[in-house]
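Heads up: the sequence shown begins at 987 in our numbering, then just goes up one per residue.
Just so you know, even glycine gets a beta-carbon here, dropped at the ideal spot from N, CA and C.
Note that this is a predicted model, so its numbers are computed, not measured.
First up is the structure itself, then whatever we jot down about it.
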Amino acid sequence: MKSDRKYAVVFGASQRLGRAIALYLAQNSYHVAIHYKDDAAGAHKTLRMLQEYDDGSFIFHGDITRVDRIDEMLEKVLSVFDRIDVVVNCISVFNTAMIDEVDEMRFDADQAVHQRGPFFLTRALFSLAKQNNSQVALVHLTDAHTIHPKASRPSYYTAKSALEAQIRTLAVSVAPFVRINGVAPGLVIPNSEQEALYFSKREQQIPLYSLPSPSDVAHAVLFLAENKSITGQTIIVDGGEWLL
């Protein structure tokens, strides 16, 4: 597919922030490849939403924790797209488990999703961009609460913190072919009515008295995707909560 638009891949685009970012990119002149692992129905819903702005988007399936399948997923994208300009990794598993509830299997699963998979995705993009003498912008979604982690999710926060360190480390290793950055959202989309009540209360306590919207997060992603002088950084989008 050849087009005047740019080409973006959004991993984990079947719902929530991944869907919002995919939609925002489509609204800003990107063809978007929509990735999903399990939620096919959600991915198709994302595609229908994008088609109002972009008739070149499509869906593909895969598991980022299967390192041997990462190249295969990128090849699938390049069988449709002329190139890849931007990759956004929104894949996340947000489990609640106190430290005495975290067994080896849960710990390894968190690391696979938030650390190992992203590492080998970065390596694959580096190889691809180097081969084509091009540049790819990679943006990972991390989590603003790694600064002040809760006791209820030690395995998750450990993995997300490692991803933020990976962004800084790999930015040196993959330059200039891959620019790698992160966006760390705060409280954006509640999972339940109880969580929505907590969000509302918390909103009155943070410096800006306003929680970020999905479009605020998506705007930060687009900024990092298109600013060619920024790499190795993570932008916090949380209304200033991290300052408390």
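Problem - Proximity of Ala1098 and Arg1092 at Cβ, strictly below 8 Å - result: no
Practice task
Note down, in chain order, each residue of its chain lying with its Cβ closer than 8 Å to the Cβ of Phe1105, except the 5 sequence neighbours on either side.
Solution key: Excluding sequence neighbours, Phe1105 sits near Gln1152, Leu1156.
Exercise for the section: Could you check if Asn1075 is buried or exposed, using at least 16 other CB atoms within 10 Å of its CB as the buried criterion? Expected result: buried
Handout entry: Contiguous beta strand (DSSP E) assignments of at least 3 residues, all confined to the segment 1100-1153
Key = 1122-1127
Handout entry: Three-state class that DSSP yields for Pro1171 in the structure shown
Key = In the structure shown, Pro1171 sits in a strand (DSSP, three-state: E or B).
Exercise for the section: Return the first residue and the last residue of the beta strand (DSSP E) that Lys992 is part of. Expected result: 992-997
Practice task
For Ile1085, count neighbouring Cβ atoms within 10 angstroms of its own Cβ and tell me buried if that reaches 16, exposed if not.
Solution key: Its Cβ having fewer than 16 others within 10 Å, Ile1085 is exposed.
Practice task
Check whether the Cβ atoms of Gly1103 and Thr1128 lie closer than 8 Å to each other.
Solution key: no
Problem - Beta-carbon contacts of Thr1046 that lie in its chain and below 7 Å, excluding the five residues immediately before and after - result: It should be pointed out that residue 1046 corresponds to Phe in this sequence rather than to Thr. Ala1019, His1021, Met1059, Lys1062, Val1063.
Exercise for the section: Tell me where the alpha helix (DSSP H) around Phe1080 begins and ends. Expected result: Careful: Phe1080 lies outside any alpha helix (DSSP H) and carries neither H nor E.
Handout entry: Rounded Cβ spacing between Ile1175 and Leu1003 (contact assumed at less than 8 Å)
Key = 7 Å
Practice task
For Arg1052, collect the residues of the same chain with a Cβ closer than 7 Å to its Cβ; drop the 5 residues on either side in sequence, then sort them by chain order.
Solution key: Result list for Arg1052: empty, nothing under 7 Å.
Problem - Nearest neighbour of Asn1177, chosen from Glu1212, Phe1080, His1126 [CA to CA] - result: Phe1080
Exercise for the section: Taking Ile1222 as part of the beta strand (DSSP E), name the residues at either end of that continuous run. Expected result: 1220-1223
Problem - Close Cβ partners of Glu1227 (< 6 Å) along its chain, the five nearest in sequence each way excluded - result: Gly1172, Ile1192
Exercise for the section: Assign Ala1137 to buried or exposed, taking buried as 16 or more other Cβ atoms, counted over all protein chains shown, within 10 Å of its Cβ. Expected result: exposed
Practice task
Measure the C-alpha to C-alpha separation of Gln1121 and Ile1070 and round it to an integer number of angstroms.
Solution key: 9 Å
Handout entry: Coil, strand or helix - Phe1209 by DSSP
Key = helix
Handout entry: Contact set for Ala1123: own chain, Cβ-Cβ below 6 Å, skip 5 residues either direction
Key = Spatial neighbours of Ala1123 in its own chain (CB-CB distance under 6 Å, excluding positions within 5 residues in sequence) are listed in chain order as Val1072, Arg1165, Ala1211.
Handout entry: Length at least 4, wholly inside the segment 1025-1054: the alpha helix (DSSP H) runs in chain order
Key = At a cut-off of 4 residues, the continuous stretches assigned as alpha helix (DSSP H) that sit fully inside the segment 1025-1054 are 1026-1036.
Exercise for the section: Tell whether a beta-carbon distance below 8 Å holds between Ile1007 and Val995. Expected result: no
Exercise for the section: State the DSSP-derived secondary structure class of Ile1070, mapped to helix, strand or coil. Expected result: coil
Problem - Val1158 (DSSP reduced to helix, strand or coil) - result: DSSP places Val1158 in helix when its eight states are reduced to three.
Practice task
Report the rounded CA-to-CA distance for Gly1048 versus Lys1023, giving the unit in angstroms.
Solution key: 5 Å
Problem - Lys1187 versus Ser1141 - alpha carbon distance - result: 26 Å
Handout entry: Reduced DSSP secondary structure (H/G/I, E/B, other) of Tyr1016
Key = Looking at Tyr1016 - three-state DSSP - the assignment turns out to be strand.
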